[in-house]
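Participant: Before I ask anything, here is the structure I am working with.
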Amino acid sequence: MIPVRLAILASGSGSNAENIIHYFSSENRVEIGIIISNRSEAQVHQRAERLGVPSVTFSREMLSNGVALCQFLKNERIDFIILAGYLLKIPSELISAFPNRIVNIHPALLPKFGGKGMYGSHVHQAVVDAKEQESGITIHLVNENYDEGSIIFQTTCPILASDSADDVAAKVHELEYKHYPEIIGELLKKEFNW
Ligand code: GRF
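Sequential numbering of the sequence shown, starting at 1176, is according to our numbering.
Below, the structure is given as structure tokens:
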């Protein structure tokens, strides 16, 4: 059996990437082929090294060059792409080459608090400023517009009036760790007919 090979794209800490790697480590139908980042100093590289997963940094130019990126992923025999805290736009060539095979997680309940500039602590601060009573996660397929692909899964967490953006982030991260790998697993089962 040839395992499904995943690429994880991450710009920052990579705690979701690490969680996903752990989740699939005992699954022989899945292999994490490569981690790609746009930042050489991103902590995700240290995590990748510790976990024995190859990781690379590409320039912004390379990451916006859909043809070159597709070729790289093809050489790496990548079947499915996971965005985990990845901040750049995905080129359209990649979206066409991986139909329904690029998934993202957004740390809020889309369509609220999505779009350009809504990432990391900005999202949680906006949620607190809007005095929302709940936040949560949205797992969605990726299309050409930020945070607009079809939604696969959402779940919520309550927000207290006293919660800071950091408190909300912690609650949202818990949901991410619990659900993102499982939902990816379900998507893979469907896509690759396990
Ligand atoms: C997560 O909250 C994810 O939802 C968002 O970026 C954050 C990445 O965190 N897209 P980490 O790098 O996985 O720790």
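We put the CB at the ideal spot given by N, CA and C, even for glycine.
#1: May I ask you to report which of helix, strand or coil DSSP gives G1208?
#2: Whole-angstrom Cβ separation of L1284 and T1331, contact assumed at under 8 Å?
#3: Using a Cβ distance threshold of 8 Å, determine whether the region 1189-1202 contacts the region 1339-1356, with at least three qualifying pairs required.
#4: Flag S1271 as yes when its Cβ comes closer than 7 Å to any non-hydrogen atom of ligand 1, and as no otherwise.
#5: Spatial neighbours of P1340 within its chain, please: CB distance less than 6 Å, with the 5 preceding and 5 following residues excluded, ordered by chain position.
#6: Is the separation between the beta-carbon of E1268 and that of V1242 shorter than 8 Å?
#7: Quick one, are the C-beta atoms of P1266 and L1244 less than 8 Å apart?
#8: In the DSSP assignment, find the alpha helix (DSSP H) that holds S1186 and state where it starts and stops.
#9: By DSSP, does R1180 sit in helix, in strand, or in coil?
#10: I want to check one thing, is the minimum distance from the CB of G1290 to the heavy atoms of ligand 1 below 7 Å?
#11: Express the C-alpha separation of L1238 and E1309 in angstroms, rounding to a whole number.
#12: Is any non-hydrogen atom of ligand 1 found closer than 7 Å to the C-beta of N1191, if you look at the structure I gave you?
Facilitator: Looking at the coordinates:
#1: Residue state for G1208 is assigned as strand, using DSSP reduced to three classes.
#2: Rounded to whole angstroms, the Cβ separation of L1284 and T1331 is 7 Å, and the two are in contact under 8 Å.
#3: These segments touch.
#4: Not one heavy atom of ligand 1 is found less than 7 Å from the C-beta of S1271.
#5: In the sequence under discussion, the amino acid at residue 1340 is Ala, which differs from the Pro named in the question. Excluding sequence neighbours, A1340 sits near S1296, H1299, Q1300 and V1303.
#6: Yes.
#7: The Cβ atoms of P1266 and L1244 lie closer than 8 Å to each other.
#8: Secondary structure note for S1186: it is in no alpha helix (DSSP H), with a DSSP letter that is neither H nor E.
#9: Correct three-state label for R1180: strand.
#10: False, no ligand heavy atom lies under 7 Å from that Cβ.
#11: If you draw a straight line from the Cα of E1309 to the Cα of L1238, it is about 34 Å long.
#12: Yes, the Cβ of N1191 comes within 7 Å of a heavy atom of ligand 1.
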